[in-house]
Amino acid sequence: DAGITQSPRHKVTETGTPVTLRCHQTENHRYMYWYRQDPGHGLRLIHYSYGVKDTDKGEVSDGYSVSRSKTEDFLLTLESATSSQTSVYFCAISEGPVLAGGGDEQFFGPGTRLTVL
Amino acid sequence: AQSVAQPEDQVNVAEGNPLTVKCTYSVSGNPYLFWYVQYPNRGLQFLLKYITGDNLVKGSYGFEAEFNKSQTSFHLKKPSALVSDSALYFCAVRPRQGGNTGKLIFGQGTTLQVKP
Numbered sequence: 104d105a106g107i108t109q110s111p112r113h114k115v116t117e118t119g120t121p122v123t124l125r126c127h128q129t130e131n132h133r134y135m136y137w138y139r140q141d142p143g144h145g146l147r148l149i150h151y152s153y154g155v156k157d158t159d160k161g162e163v164s165d166g167y168s169v170s171r172s173k174t175e176d177f178l179l180t181l182e183s184a185t186s187s188q189t190s191v192y193f194c195a196i197s198e199g200p201v202l203a204g205g206g207d208e209q210f211f212g213p214g215t216r217l218t219v220l
Numbered sequence: 625a626q627s628v629a630q631p632e633d634q635v636n637v638a639e640g641n642p643l644t645v646k647c648t649y650s651v652s653g654n655p656y657l658f659w660y661v662q663y664p665n666r667g668l669q670f671l672l673k674y675i676t677g678d679n680l681v682k683g684s685y686g687f688e689a690e691f692n693k694s695q696t697s698f699h700l701k702k703p704s705a706l707v708s709d710s711a712l713y714f715c716a717v718r719p720r721q722g723g724n725t726g727k728l729i730f731g732q733g734t735t736l737q738v739k740p
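Chains A and B are the protein sequences, given in the same order.
Residues in the first sequence are numbered consecutively from 104, following the working numbering.
Residues in the second sequence are numbered consecutively from 625, following the working numbering.
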């Protein structure tokens, strides 16, 4: 978890409310990712960023948006939370496949447990 | 569709015995291959990776993995299991084609239980 923090670590919210999760890194890595972890599904990519203001969708992006205005911060927003978005959310960072010849490993934050009632 | 399969939800092994956690993939070309471990209430930790070269890759905590191109497998192994190895293990792949997006495809995870 070195160099990566996520806030909040736990959140309970009501259906229909907006929620923003924050990922902060001190490693100056170019790539940042948001995943959700659900039993039986492993980790699924929501969105990722390959630089400031450069983002793209992952496999489960519906209902989520992201923003990256600084290298160190990557925000995940649920515009109107639903019960299906109850999950554990992980942020990850990496140097980027170009720099590492494709083999760069991702480093993960401690996770945010989100419950939508 | 590209996918990663970990056929066992749980693997049980006695302490001191060898362990194997299986991973197969369906990805075109020769992907980059990774193993991660997750301890309770923690994020994932990188264990090892295969990029190219020797099919046997050594990683952290005494773990190793064997890449088998013909079987499209990347099984995780350890010669002698410890109780402290008990955790959730994820296999992940990154296709070499399709641009340098860095995206990983994860398996669903295998729980390793090592009993004293």
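The beta carbon of each residue, even a glycine, is placed where N, CA and C say it ideally should be.
Could you give the DSSP three-state label for residue i: helix, strand or coil?
| i | result |
| --- | --- |
| Gly106(A) | coil |
| Gly154(A) | strand |
| Tyr685(B) | helix |
| Ser627(B) | strand |
| Ser650(B) | strand |
| Val219(A) | strand |
| Val163(A) | coil |
For residue i, go through chain A and note every residue whose CB falls closer than 8 angstroms to its CB, in chain order.
| i | result |
| --- | --- |
| Lys646(B) | Those do not exist, as Lys646(B) stays about 14 angstroms from chain A at its closest Cβ, beyond 8 angstroms. |
| Gln732(B) | Gly143, His144, Gly145 |
| Phe691(B) | The contacting residues do not exist; Phe691(B) stays about 13 angstroms from chain A at best. |
| Phe714(B) | Gly145, Leu146 |
Report all residues from its chain with a CB closer than 7 angstroms to the CB of residue i; omit the five preceding and five following residues, and keep chain order.
| i | result |
| --- | --- |
| Thr735(B) | Asp633, Gln634, Leu712 |
| Ser710(B) | Leu736, Gln737, Val738 |
| Ser168(A) | Thr180, Glu182 |
| Pro740(B) | Glu639, Val707 |
| Thr108(A) | His127, Gly212 |
| Phe730(B) | Val628, Phe714, Ala716 |
| Leu680(B) | Glu688, Glu690 |
Could you spell out where the beta strand (DSSP E) holding residue i opens and where it closes?
| i | result |
| --- | --- |
| Val635(B) | 634–638 |
| Ile196(A) | 190–197 |
| Lys693(B) | No beta strand (DSSP E) holds Lys693(B); DSSP gives it neither H nor E. |
| Arg171(A) | 167–173 |
| Cys715(B) | 711–718 |
| Thr734(B) | 734–739 |
| Lys114(A) | 113–116 |
| Thr185(A) | That residue, Thr185(A), is in no beta strand (DSSP E); it is neither H nor E in DSSP. |
| Arg139(A) | 134–141 |
Classify residue i: buried if its beta carbon has 16 or more other beta carbons within 10 angstroms, exposed otherwise.
| i | result |
| --- | --- |
| Val707(B) | exposed |
| Arg171(A) | buried |
| Glu162(A) | exposed |
| Thr215(A) | buried |
| Lys173(A) | exposed |
| Gly733(B) | buried |
| Gln630(B) | buried |
| Ala625(B) | exposed |
| Tyr138(A) | buried |
| Val645(B) | buried |
| Gly119(A) | exposed |
| Arg133(A) | buried |
| Lys673(B) | buried |
Excluding sequence positions up to five away, which residues of its chain have a Cβ less than 6 angstroms from the Cβ of residue i?
| i | result |
| --- | --- |
| Tyr649(B) | Val628, Thr696, Val717 |
| Val122(A) | Thr116, Leu181, Ala184 |
| Met135(A) | Ser152, Phe177, Ile196 |
| Leu643(B) | Val637, Lys702, Ala705 |
If I measure Cβ to Cβ from residue i and keep anything under 8 angstroms in the same chain, skipping five residues before and after, which residues do I get?
| i | result |
| --- | --- |
| Leu668(B) | Tyr660, Val661, Gln662, Phe714 |
| Glu208(A) | Ser197 |
| Gly726(B) | Arg718 |
| Leu220(A) | Val115, Thr116, Glu117, Thr118, Ser186 |
Could you list which residues in chain B have their beta carbon closer than 7 angstroms to that of residue i, in chain order?
| i | result |
| --- | --- |
| Gln209(A) | Leu728 |
| Ser190(A) | By Cβ distance, chain B contributes nothing, its closest Cβ being about 14 angstroms from Ser190(A), past 7 angstroms. |
| Phe177(A) | What Phe177(A) touches in chain B: nothing, since even the nearest Cβ is about 14 angstroms away. |
| Pro213(A) | Arg666, Gly667 |
Name the chain B residues that come within less than 8 angstroms of residue i, Cβ to Cβ?
| i | result |
| --- | --- |
| Tyr167(A) | Neighbours of Tyr167(A) on chain B: none; closest Cβ ~16 angstroms, over 8 angstroms. |
Interface residues of chain B around residue i at Cβ under 9 angstroms?
| i | result |
| --- | --- |
| Gly161(A) | Lys727 |
| Leu220(A) | Neighbours of Leu220(A) on chain B: none; closest Cβ ~21 angstroms, over 9 angstroms. |
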